[in-house]
Amino acid sequence: MTTPIIEMNNISLRFGGNQALDDVSVNLRPGEVVGLLGHNGAGKSTLIKVLSGAYQADSGSIKIAGQEVEIRSPQDSQRHGVETIYQTLALADNLDAVANVFLGREKVNGIVLSEDEMEIEARKVLDRLRVKIPSLRVPVQNMSGGQRQTVAIARAVYFKAKVLIMDEPTAALGPEETAKVSELIAALKAEGVGIFLISHDLHDVFDLADRCTVMKNGKVVGTVNTKDVNHDQVLGMIIGGVMPNVPNAT
Amino acid sequence: MQNAEKNRPPERRSLLAALGVDNQLLTLLLALVVVWIGFQIWSGGIFLSPRNLWTLTAQTAVVGIMVGGMVLVIVARQIDLGVGSVLGFTAMIMALLQAPPPIGAGLNWILAVLIGIAVGVLIGAFNGYLSAFWGVPAFVVTLAGMLVFRNGTFSVSSFTIGPLDETFQILGGGINGSIGATWTWIIGLAIIAFVVWQTLTGRVRRQRNEFSVRPVWAEALVLGVTTVLILAFVIVMNSYNVPGTGVDNIPAVASGMPVPTLIALAVLGYLNWMTRATRFGRYIFAIGGNPEAANLAGINVKRMMVYIFMLMGFLTAIAGAVQAARLNSATPTLGRDLELTVIAGAVIGGTVLSGGSGTILGAALGALLMSSLENGLGLVGVRTEQQKIYLGIVLLLAVLWNSISNRRKGGR
Ligand SMILES: Nc1ncnc2c1ncn2[C@@H]1O[C@H](COP(=O)(O)OP(=O)(O)OP(=O)(O)O)[C@@H](O)[C@H]1O
Ligand SMILES: [Mg+2]
């Protein structure tokens, strides 16, 4: 068995009186898709934000490719090859698509932004996602929800991550675009990228994920191999917090 | 925001869209023309005389130097209410340092200016640090600064300090404070050449990459208008003679652009480039658009905030030097109410007070409009106190117009 690319062990995080994460452990192997499931407010986004450097855990440890790491900022996380598509998209609404794709990592020639080069590159990634965006040079606040989501995805995909975190990446997408994202996930998986996929759509998760980790009230209910379980059993984990009686579950 | 694609009316490719010129900028230009013609009539033909226009550009310089910095501050969702007081404070320091003993320290004027600038930058750093790292709203920090530094200026000296070093006075556009006809032509033509070159190479590059380009006629029109405006500026500056020349058989010597105007143009030109073409500029706008996203993208938002306020302090101190040089003295009330003129200039120029949006070019025109009003009202004999009433009303109208046009655009 390969070493996990990500190991998060015993992560806990409190927001005031709210124990958002309580002794959470998950892991992810290269070329694997792990679905993170749970009801609203279960702590999924909070967990991945600890990995992406947006939050710092109160306790627990993170290993990347077997090495214990400190992730204190989004830069730290990016430096370790972790890219994140946030549920809120995290776009600067007043900037155009090109600026958003490259935000924080602009291509420069000396100190001057290489606008044309960035536009060409942005066009390439966006084309790969098959979303029609008439102009990449209008502020993203004037784009549709799906177009904005695609910009956020392009942003994460462009930088060739080793680990990709997708927090409800298809929430605003139509069926055709969702299918494209599924294709993209499959392609990245084949390239050996490890992916955390957060979604409320069980069909998607069953189609794409190798394993599912279910959370409830800040705790991990358990992790199962997707092929060993059916929808009802996973729903039981999400809603009732009960582990199904299947092999290899933890 | 997450709703599915809305049905949008098909895009009309209007004349303005083809020109690629901002609607707001055009309205501003129009307002400027109306104000100028109005004052020309009201003043009985004095307002648009070379002499008055020359004075106007020199007067605009102080606000012009600061207004670009204020745009950046506001774009980053901050405000600096202390610039008027800090200007007075730094100007007083520079005056005291260079004035001969026993009043001052008799320092070399360059050293005095450098120390003044350092003080301005330090004050800016302090403002930025308190608001970014300790969460004190910039509004409060700089309001406190406004009180502290105005009265700090009085504490340092409650008298007018002057006269100042003669070379220093050049910064203000006084005696020898203009660059002469030849240099004005050289700079004017260089700017035209630069604009033409930028437009052409940009166009060729965009075409090579198969990006959309403006129609040729639109490009030509914008270039043509820009060129004519620059040429007109050069000619007007050179039509004003150095005082005391051109009369009584003394041959006329064209004055040319005042040095403070040159400083303001250099500052505005640099900031305009910086906001469009560098990471630093890009990050300021990203922070204004969504500070959270900027942070998640790996931008050090807090440190950026400190830099932005430092830049504001730097520009304020330079403006202080220019103002003191213009008046050949520093007074404890120097720069009073100036923060309002600067903020008004930025807002009239289309900077949105809630952050994320604004242009240097717009703010430069906004500053010109503000000082045109001040100059014109003074010319027709409106007293200073009453002038400020009008300026207050103009500021209010500008903000109103700003929020109306933003609502129409569907912005915040
Ligand atoms: N910045 C914050 N400050 C305080 N509480 C927070 C913060 N972020 C999240 N929480 C709380 O932590 C808990 C977990 O939230 P989280 O966003 O991780 O849920 P989630 O599983 O992603 O839910 P959803 O499916 O709705 O996105 C919630 O109770 C939420 O209110
Ligand atoms: Mg969430």
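Residue numbers (this note's numbering), protein chains in the order written: chain A, 8 to 257; chain B, 2 to 413.
The C-beta atom is built at its ideal place from N, Cα and C for all residues, glycine as well.
Can you tell me which of the three DSSP states residue i falls into?
i, result
"ARG1(B)", "No information on residue 1(B) is available, as it lies outside the stretch 2 to 413 that chain B covers here."
"ASN47(A)", "coil"
"ARG204(B)", "helix"
"ASP166(B)", "coil"
"PHE22(A)", "strand"
"GLN148(A)", "helix"
"ALA417(B)", "Chain B is shown from 2 up to 413; residue 417(B) falls before or after that span and cannot be answered."
"LEU180(A)", "coil"
"MET250(A)", "coil"
"GLN79(B)", "coil"
"PRO11(B)", "The predicted model places PRO11(B) with a pLDDT of 42, which falls under 50 and marks its position as unreliable, so this point remains unresolved."
"PHE166(A)", "coil"
"MET2(B)", "Low confidence applies here, because MET2(B) scores a pLDDT of 35, under 50, leaving its location unreliable and the question unanswered by this model."
"ASN403(B)", "helix"
"PHE247(B)", "According to the sequence as given, residue 247(B) is Gly; it is not Phe. Coil."
"LYS4(A)", "Chain A is shown only over 8 to 257; residue 4(A) falls outside these bounds and no answer can be derived."
"ALA106(B)", "coil"
"PHE203(A)", "strand"
"ASN34(A)", "strand"
"GLN240(A)", "helix"
"GLY336(B)", "coil"
"ASP52(A)", "The question names Asp, but residue 52(A) is Ser in the sequence shown. Note: SER52(A) maps to helix in three-state DSSP."
"SER355(B)", "coil"
"LEU369(B)", "helix"
"LEU28(A)", "strand"
"GLY412(B)", "Any reading at GLY412(B) must be qualified, since the residue scores a pLDDT of 46, below 50, and its modelled position is unreliable; the value itself is stated next. Three-state result, GLY412(B): coil."
"GLU75(A)", "strand"
"GLY67(A)", "strand"
"ASP103(A)", "strand"
"VAL227(A)", "strand"
"SER179(B)", "strand"
Could you name the residues of chain C that residue i contacts, counting a contact when the two beta carbons are closer than 8 Å?
i, result
"PRO182(A)", "Absent from the structure: chain C. Protein chains present are A and B."
Confirm, please, whether the CB-CB distance from residue j to residue i is below 7 Å.
i, j, result
"VAL41(A)", "PHE203(A)", "yes"
"VAL472(B)", "GLY359(B)", "Past the edges of chain B, shown from 2 to 413, lies residue 472(B), and the structure says nothing about it."
"VAL122(B)", "PHE315(B)", "yes"
"GLN99(B)", "ASN329(B)", "no"
"VAL145(A)", "ALA129(A)", "no"
"VAL236(A)", "GLY243(A)", "no"
"PRO261(B)", "GLY173(B)", "yes"
"TYR62(A)", "LYS70(A)", "no"
"GLY45(A)", "VAL253(A)", "no"
"ARG280(B)", "GLU113(A)", "yes"
"ILE92(A)", "MET173(A)", "yes"
"ALA133(B)", "ILE80(B)", "no"
"ALA294(B)", "LEU98(A)", "yes"
"SER206(A)", "GLU175(A)", "yes"
"LEU54(A)", "VAL31(A)", "yes"
Measure how close the beta-carbons of residue i and residue j come, nearest whole angstrom, since I'm counting them as under 8 Å.
i, j, result
"ALA325(B)", "MET95(B)", "6 Å"
"GLY38(A)", "LYS196(A)", "6 Å"
"ALA320(B)", "VAL63(B)", "5 Å"
"LEU110(A)", "ALA298(B)", "4 Å"
"GLN26(A)", "GLY225(A)", "5 Å"
"THR143(B)", "LEU82(B)", "4 Å"
"ALA318(B)", "VAL120(B)", "7 Å"
"GLY67(A)", "ILE78(A)", "11 Å between Cβ atoms; not a contact."
"VAL170(A)", "VAL200(A)", "7 Å"
"GLN156(A)", "ALA179(A)", "5 Å"
"PRO251(A)", "VAL227(A)", "Contact flag wrong, Cβ pair sits at about 15 Å."
Can you list the residues near ligand 1, meaning Cβ strictly closer than 6 Å to any non-hydrogen atom, in the order they appear in the chain?
Every residue passing the under-6 Å Cβ criterion appears here: PHE22(A), ASN25(A), ALA27(A), GLY45(A), ASN47(A), GLY48(A), ALA49(A), GLY50(A), LYS51(A), SER52(A), THR53(A) and GLN94(A).
Mind the definition here: the segment 393-402 of chain B touches the segment 91-107 of chain B only if three or more C-beta pairs lie below 8 Å; say whether that holds.
The segment 91-107 of chain B and the segment 393-402 of chain B do not touch, with fewer than three beta-carbon pairs separated by less than 8 Å.
Could you say if the segment 200-214 of chain B and the segment 117-129 of chain A meet the contact criterion of at least three C-beta pairs nearer than 8 Å?
With the cut-off at 8 Å, the segment 200-214 of chain B and the segment 117-129 of chain A touch.
Can we say the segment 94-102 of chain A touches the segment 258-267 of chain B, given the rule of at least three CB pairs closer than 8 Å?
Fewer than three pairs of CB atoms, one per stretch, sit closer than 8 Å, so the segment 94-102 of chain A makes no contact with the segment 258-267 of chain B.
Is the number of C-beta pairs between the segment 279-291 of chain B and the segment 87-94 of chain B that are closer than 8 Å three or more?
Note that the segment 279-291 of chain B does not touch the segment 87-94 of chain B; fewer than 3 beta-carbon pairs, one per stretch, sit closer than 8 Å.
How do the segment 270-278 of chain B and the segment 25-40 of chain B stand: do at least 3 beta-carbon pairs fall below 8 Å, yes or no?
In short, these stretches do not touch, since the Cβ pair count stays below three.
I'd like to know if the segment 153-168 of chain B and the segment 243-258 of chain B are in contact, where contact means that at least 3 CB-CB pairs between them fall below 8 Å.
Contact between the segment 153-168 of chain B and the segment 243-258 of chain B is absent: fewer than 3 CB-CB pairs across the two stretches fall below 8 Å.
Report yes or no: do the segment 303-313 of chain B and the segment 116-130 of chain B share at least 3 C-beta pairs separated by less than 8 Å?
Judged by Cβ distances under 8 Å, the segment 303-313 of chain B makes contact with the segment 116-130 of chain B, as three or more pairs qualify.
Just checking, does the segment 177-186 of chain B make contact with the segment 214-228 of chain B on the three C-beta pairs under 8 Å criterion?
At 8 Å Cβ cutoff, the stretches do not touch.
I want to know whether the segment 195-205 of chain B touches the segment 219-232 of chain B - three or more CB-CB distances under 8 Å.
The answer is yes - the segment 219-232 of chain B touches the segment 195-205 of chain B, with three or more Cβ pairs under 8 Å.
Would the segment 361-375 of chain B and the segment 334-348 of chain B be scored as touching if the rule is three or more Cβ pairs under 8 Å?
The segment 361-375 of chain B makes contact with the segment 334-348 of chain B; the number of CB pairs closer than 8 Å reaches 3 or more.
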